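J.: Could you have a look at this structure, given as structure tokens, before my questions?
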Amino acid sequence: MRHLAFWILFFILANSLHAQENDLAYFIAKAEENVPILLENENLQKIGALQNDMIRAQNNAFQVGASSDILIAPYFNNNGKLLDITTMPSANAIGYDVGITNGGLYSAQVNVTRNLFNKAIVDNLLFQNKMGIEALQLTSEEIKNHLGKNITDTYILAYQIQLQEKFTENIIEDLEKRLSVVELLVKRGILMESDYLLLQVDLENRGLELKQLHNNFINTYTQLGNLSGVEVIEFPVLPEPKIALETQMDTFFFERRFINDSLQLTANQEVFENQYKPQVQVYGNSGLNAVELANIERKVGLSAGLRLTIPIYDGKQRKINAMQNRLMYENLEAYKRNTEIQLQNNLESIRDQITTAEKNLADMEIQLGKQENLMEIYKGKLVQGQVSIIDYLNIIQNYRLMAYTKMQAQTNLWLLYSQFNFTNW
7 MRHLAFWILF
17 FILANSLHAQ
27 ENDLAYFIAK
37 AEENVPILLE
47 NENLQKIGAL
57 QNDMIRAQNN
67 AFQVGASSDI
77 LIAPYFNNNG
87 KLLDITTMPS
97 ANAIGYDVGI
107 TNGGLYSAQV
117 NVTRNLFNKA
127 IVDNLLFQNK
137 MGIEALQLTS
147 EEIKNHLGKN
157 ITDTYILAYQ
167 IQLQEKFTEN
177 IIEDLEKRLS
187 VVELLVKRGI
197 LMESDYLLLQ
207 VDLENRGLEL
217 KQLHNNFINT
227 YTQLGNLSGV
237 EVIEFPVLPE
247 PKIALETQMD
257 TFFFERRFIN
267 DSLQLTANQE
277 VFENQYKPQV
287 QVYGNSGLNA
297 VELANIERKV
307 GLSAGLRLTI
317 PIYDGKQRKI
327 NAMQNRLMYE
337 NLEAYKRNTE
347 IQLQNNLESI
357 RDQITTAEKN
367 LADMEIQLGK
377 QENLMEIYKG
387 KLVQGQVSII
397 DYLNIIQNYR
407 LMAYTKMQAQ
417 TNLWLLYSQF
427 NFTNW
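Under the working numbering, the first residue of the sequence shown carries the number 7, and numbering increases by one thereafter.
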């Protein structure tokens with residue numbers, strides 16, 4: 007008894023896990039794992055984080071480098087010599103002014119520089135980079151929202167086809183039973199052979215319809231796999247989509263995007279104005295520095311200094327840049343106002359559509375129940391030979407159309423839920 011209970015529990019858990027591997031949440035989660043553009047965005051965010059280290063290294067760290075120069079400035083016709091390298095040329099010698107070249111340069115040095123008092127400059131660069139990273143994060147959220155919407159809609163369509171396929175299978179199963187009954191009635195002379203053939207043709211038509219529905223399901227399921235980055239090797243039964251309406255958002259995505267765009271404008275302006283801040287740099291070098299080869303081994307030393315840079319005039323570039331940023335901010339404000347109006351209008355419209363769709367679906371459920379009762383009555387009369395095959399097939403066709411209409415209404419309602427959640431974000 008214990009073994010039996012164990013195996014029952016095992017199969018229940020196995021079926022539950024299998025269902026979870028094919029539900030809507032599974033496909034959305036797989037898409038967020040597998041879609042390359044999300045991975046690319048994630049890597050771009052990591053690159054942005056590394057850029058913070060780059061900014062600090064470029065602006066705060068000591069910059070150390072080595073340099074070497076060899077410059078020869080010879081003189082012609084110097085004291086009777088055709089070519090001479092000297093720091094004391096005669097008045098008749100031909101060559102560069104010795105005050106400029108000193109006759110040559112022999113240098114091999116290690117140079118060190120570092121910026122001082124530049125915290126404000128570095129902070130502006132880091133803030134600009136931070137806004138860029140946040141923009142990438144917002145883009146990832148937007149991609150996920152669009153991805154979730156596309157997958158949800160495709161899943162809903164696949165589930166609708168699955169329902170139609172199952173419904174058609176039930177119709178075929180019922181027609182096969184009726185065909186056996188009609189065959190007996192034909193043999194007894196209650197119904198004509200043409201009635202049997204008519205029912206048989208309708209049964210064959212339903213079989214063709216079932217094949218087409220199955221092909222449609224395969225195509226839609228494959229599309230679902232493509233959107234999710236999931237390899238399609240089988241076509242399991244899909245569980246009913248679980249879609250709950252999201253509550254009203256306190257802050258919509260477009261508002262967060264507007265804030266980020268505005269801060270990016272501010273950050274860009276601050277970085278542009280870094281060039282107008284006084285900049286102090288300490289520098290030093292050590293090594294060989296000589297203008298002649300004589301006693302060059304003793305021309306080793308070091309030097310250090312401070313460099314102050316103060317911008318004075320740039321042709322009003324600072325003012326022009328500020329004006330450009332103000333105009334771009336006005337553009338953002340205009341788009342924000344327009345988006346807010348559209349969003350509220352769309353949400354209100356979808357709410358009204360959902361209310362109407364839910365009422366229509368409830369009415370269709372009642373009507374479909376009446377159709378089912380009527381069909382059961384005709385089944386009984388068909389067995390007794392009291393109705394024609396044409397009348398019976400018409401009843402089935404009406405029932406089928408009503409069932410399909412209800413399935414489409416349910417699908418449309420789920421799609422409205424999906425659209426509402428996509429918009430209310």
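Note that CB positions come from ideal geometry on N, CA and C, so glycine has one too.
Since the structure is predicted, the reported quantities are computational estimates derived from the model, not experimental observations.
(1) What residues in its chain sit with their C-beta under 6 Å from that of P317, if we drop five residues either side in the sequence?
(2) With distance defined between alpha-carbon atoms, name the residue in I34, N176, F33 nearest to I402.
(3) Output the distance between the C-alpha atoms of L244 and A409, rounded to the nearest integer angstrom.
(4) Mapping DSSP to helix, strand and coil, what is V2?
(5) Provide the residue(s) that pair with Q115 in DSSP beta bridges, ordered along the chain.
(6) Can you tell me which of G235, E48, E298 puts its alpha carbon nearest to the alpha carbon of L77?
(7) Taking Cβ positions only, does R324 come closer than 8 Å to chain B?
(8) Are the beta-carbon atoms belonging to Y335 and P247 less than 8 Å from one another?
(9) If you run the structure through DSSP and keep just helix, strand and coil, what is K87?
(10) Are A340 and F133 closer than 8 Å when you measure CB to CB?
(11) Do E148 and F259 have their C-beta atoms closer together than 8 Å?
(12) Please report the residue range of the alpha helix (DSSP H) in which R194 lies.
(13) Can you give the Cα-Cα distance for Y423 and K412, rounded to whole angstroms?
(14) What does the alpha-carbon distance come out to for the pair V389 and K365?
(15) How big is the Cα-Cα spacing for R62 and A126?
(16) Taking the alpha-carbon positions, what's the N156 to N40 distance?
(17) For the region 363-383 against the region 415-429, are there 3 or more C-beta pairs whose distance is under 8 Å?
(18) Looking at C-alpha atoms only, which residue of F68, N352, T257 is the closest neighbour of V118?
(19) Grab me the residues of N135's own chain with a C-beta within less than 8 Å of its C-beta, minus the 5 sequence neighbours each way, in chain order.
(20) Apply the 10 Å Cβ neighbour rule to N98 and answer buried if 16 or more other Cβ atoms are within range, or exposed otherwise.
(21) So G321 is in the alpha helix (DSSP H); what residue range does that whole segment cover?
(22) Considering just the uninterrupted stretch of the alpha helix (DSSP H) at G105, what are its terminal residues?
(23) Need the endpoints of the alpha helix (DSSP H) that Y32 sits in, please.
(24) Using DSSP with H/G/I as helix, E/B as strand and the rest coil, what is N351?
(25) Please report the residue range of the alpha helix (DSSP H) in which Q390 lies.
(26) Enumerate in chain order the residues of its own chain whose CB-to-CB distance from R357 is below 8 Å, with the five nearest sequence positions on each side excluded.
(27) At the level of alpha carbons, what is the spacing between A31 and H220?
(28) When you compare only the Cα positions, how much space is there between S22 and I347?
(29) Report buried or exposed for F33, applying the criterion of at least 16 other Cβ atoms within 10 angstroms of its Cβ.
(30) If you draw a straight line from the alpha carbon of M168 to that of P242, how long is it in whole angstroms?
(31) Is the distance from the Cβ of L314 to the Cβ of N291 below 8 Å?
(32) With DSSP as the reference, please indicate the residues paired to Y81 in a beta bridge.
(33) Put L421 into one of helix, strand or coil per three-state DSSP.
(34) Looking at Q206: is its Cβ nearer than 8 Å to the Cβ of L191?
(35) If you follow the alpha helix (DSSP H) that T226 is part of, which residue opens it and which one closes it?
(36) Which residue wins for smallest C-alpha separation from V116, given the options L407, L367, G71, D369?
T.: Quick answer:
(1) Y282
(2) Cα-wise, what sits closest to I402 is N176.
(3) 19 Å
(4) Nothing about residue 2 can be reported from this structure: the residues present for the chain run from 7 to 431 only.
(5) S73, G293
(6) E298
(7) Chain labels in this structure do not include chain B; a single protein chain is all it has.
(8) Against a cut-off of 8 Å, the Cβ pair of P247 and Y335 comes out as no contact.
(9) strand
(10) no
(11) yes
(12) First-last for R194: undefined, no H or E at that position.
(13) Note on geometry: alpha-carbon atoms of Y423 and K412 lie some 17 Å from one another.
(14) 37 Å
(15) 12 Å
(16) In a straight line, the C-alpha of N156 is about 15 Å away from that of N40.
(17) yes
(18) F68
(19) G54, Q57, N58, I61
(20) exposed
(21) First-last for G321: undefined, no H or E at that position.
(22) That run of the alpha helix (DSSP H) goes 104-107.
(23) 30-40
(24) helix
(25) Q390 -> no alpha helix (DSSP H), and no H or E assigned at all.
(26) Here the set comprises F426.
(27) Roughly 23 Å separates the two Cα atoms.
(28) Per-residue confidence for S22 stands at a pLDDT of 44, beneath the threshold of 50, marking its modelled position as unreliable; the derived number appears in the next sentence. Distance between the alpha carbons of S22 and I347: 44 Å.
(29) In this structure F33 is buried. Its beta-carbon is surrounded by 16 or more other beta-carbon atoms within 10 angstroms.
(30) Note that residue 168 is Gln in the sequence shown, not Met. Rounded to the nearest angstrom, the two C-alpha atoms are 10 Å apart.
(31) no
(32) Answer is D90.
(33) helix
(34) no
(35) 199-234
(36) G71
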